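S.K.:
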Amino acid sequence: MEYTDHNNQTRPLRIQYVPEEIESMWPYRRSLGTTNDVPIEYYAEGVAHNTSYIDSTFRSTYWNEVYIFVKEKYVLVNYVPGSTNDRILNSPHYIGDSFPFLAGTAFAEYGIDASFDSHSSAEAIIFSGNLCTRINFAPKTTGGYIVEGITTIRQMFPFSEGPSSRRG
């Protein structure tokens with residue numbers, strides 16, 4: 000299976016299943032440049048055990064702007080690569096307030112677990128639990144809408160059939 004990247008190049012699509020016994024080791028990593036086989040605590044230990052830090056992001060259609068989602072809230076950030084002039088454009092808002100078409104859904108109530116930009120302008124695919132939907136997020140307005148979905152991940156992405164898809 001293949002996909003087309005942002006440079007319009009065809010690349011192989013790799014979907015990796017991580018067994019639960021390995022998932023339990025995520026907070027630990029082997030130290031680079033050492034012969035010691037004992038896992039050491041990963042440098043991000045302080046955030047590795049938080050129930051939520053940044054859950055998801057997707058870029059805005061405006062230059063150097065990104066939506067950052069944490070639980071049921073989000074902020075819009077203007078970032079300036081290579082400088083310290085980044086700034087938050089809006090204080091944390093509830094997803095359902097700024098994206099009213101998501102009010103009353105798992106995306107507004109429980110948050111957006113993952114997302115990616117669609118190749119269509121102002122569209123993103125968002126995930127919450129085993130659900131997903133494609134949205135037009137209508138930057139800097141409340142005029143967005145659901146383009147496709149709300150449906151299970153398996154229904155929207157039938158290629159996900161296999162052992163790891165049994166979770167949703």
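Counting along the sequence shown from 1, when you hit position 28 you're at 27 in numbering that gives the first Met the number 0, and nothing is skipped either side. We treat Cβ as the ideally placed atom computed from N, Cα and C, and that holds for glycine. It should be emphasised that the depicted structure is a prediction, and the values quoted were computed from it without experimental measurement.
Rounded to the nearest angstrom, what separates residue 108 and residue 71 at their Cα positions?
M.R.: In a straight line, the C-alpha of residue 108 is about 6 Å away from that of residue 71.
S.K.: I'd like to know whether the C-beta of residue 7 is nearer than 8 Å to at least one C-beta of chain B.
M.R.: Reference to chain B is not applicable here, since this structure consists of a single protein chain.
S.K.: Looking only at DSSP bridge pairs, what is residue 148 linked to?
M.R.: For residue 148, which the question treats as bridged, DSSP gives the partners 132.
S.K.: Are residue 56 and residue 65 close, meaning C-beta to C-beta below 8 Å?
M.R.: Cβ atoms of residue 56 and residue 65: closer than 8 Å.
S.K.: Looking at the secondary structure, which residues open and close the beta strand (DSSP E) in which residue 67 lies?
M.R.: Segment 64-69, the beta strand (DSSP E) holding residue 67.
S.K.: Which residues in the same chain as residue 67 place their Cβ atom closer than 7 Å to its Cβ, once the five residues preceding and following it in sequence are excluded?
M.R.: Only 53, 56, 73, 74, 76 meet the Cβ criterion.
S.K.: Please classify residue 83: is it buried, with 16 or more other beta-carbons within 10 angstroms of its beta-carbon, or exposed?
M.R.: Exposed.
S.K.: Name, in chain order, the residues that DSSP records as bridge partners for residue 121.
M.R.: The partner list for residue 121 (beta bridge, DSSP) is empty, contrary to what the question assumes.
S.K.: What do you get for residue 140, buried or exposed, if any count of 16 or more other CB atoms within 10 angstroms of its CB means buried?
M.R.: Its Cβ having fewer than 16 others within 10 Å, residue 140 is exposed.
S.K.: Leaving out five residues on either side along the sequence, give the residues of the same chain with a beta carbon under 8 Å from the beta carbon of residue 151.
M.R.: Excluding positions up to five away in sequence, the list reads 129, 130, 131, 167.
S.K.: Select from 9, 123, 148, 154 the residue whose C-alpha is nearest the C-alpha of residue 104.
M.R.: The option with the nearest alpha carbon to residue 104 is 148.
S.K.: On the DSSP letters alone, give me the boundaries of the beta strand (DSSP E) that residue 96 sits inside.
M.R.: Segment 94-97 is the alpha helix (DSSP H) holding residue 96; no beta strand (DSSP E) there.
S.K.: Helix, strand or coil for residue 157 per DSSP?
M.R.: Here residue 157 sits in helix by DSSP.
S.K.: Quick one: measure Cβ to Cβ for residue 123 and residue 115, integer angstroms, because I've assumed they're closer than 8 Å.
M.R.: Contact holds; Cβ gap of about 7 Å.
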